[in-house]
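The opening position of the sequence shown corresponds to residue 273 in the numbering used here, with each subsequent residue numbered one higher.
Backbone N, C-alpha and C define an ideal beta-carbon position, used for all residues, glycine too.
Right, one structure below, let's go through it.
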Amino acid sequence: MASPSPPQTPQNTPSTMVLTPEVLGNEIVTLYVGPKPKQFTVHKKLLCDRCEFFSKAFRGNFQEAEKGEMYLPDDDPGAFSPLVDYLYRGVLPKAKDDYHASLLLELYILAEKLCLSTLMDKACDAAHSYSNLSGKRVPPKLIAHIYSRTHGGSKLRKFCANQVAYYLATTRTGSFGVNILDGLEDCPDFFMDVFRWQVEHGKKINMSKESKIMAMDDMFGPCEFHTHGDKEECYLDGAK
């Protein structure tokens, strides 16, 4: 019987483990990702040890284990490539422009499906940092896509809704309020999340002339959009 996947503690996360033959193993599996399948070949042991989703498939009584291959037609191959890079090297794409910032959000969506909580937190933080530095918010079409691909309790949804709600509550112009409706008319959960933020945090809004995004950050702690519980370990703890 195959051993279960080890939990992702600071000692065995991708960024802290050396890729020795014992870590990689000698078996290779193939994954076909996207509606027009793009092929990825990955070390089976590393993939299964670092992701329970794949461990159950390739170490269980499924055809994936027998054939050594898996098809993921609904997933984005563009996001799967940085996922593989993260599993091997523990690094994320650098959010140097809008494209790479969007790629981080796509990576979050994939990580949420695979239940990779630490990767979700890191991807959201990186996208958040880019938003702070660039002064740009997640565009409406991407918000609609995020809501169509994530579950109701997703922290990525919360990040998008909080960002928009804060801007709408502090801006003195109505232009963005109109534009934000484009592509979101059929996304009632988004508007409910925005309304919830306004009810819960409206009184805290800083109407000063300071940076709006930094003022919003000051309202919350660094783990506001993280998946872990209040008493659970955060990847930021290891960086202190």
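Check	Outcome
Proximal residues to Leu319 (C-beta, below 6 Å), its chain only, five neighbours per side dropped	Phe326
Top-ranked residue by Cα proximity to Met464, from Ala433, Pro309, Tyr439 and Gly350	Ala433
Reduced DSSP secondary structure (H/G/I, E/B, other) of Phe312	strand
Residue(s) in a DSSP beta bridge with Val301	Val314
Test item: CB-CB of Cys459 and Ala399 under 7 Å	no
Nearest-angstrom Cα separation, counted from Ser374 out to Phe352	14 Å
Test: Glu504 CB closer than 7 Å to a CB of chain C	Considering every chain present, this structure includes no chain C. It has just one protein chain.
Cβ-based burial, Met342 [other Cβ within 10 Å; buried from 16]	buried
Close Cβ partners of Asp347 (< 8 Å) along its chain, the five nearest in sequence each way excluded	Val305, Gly306, Leu382 and Lys385
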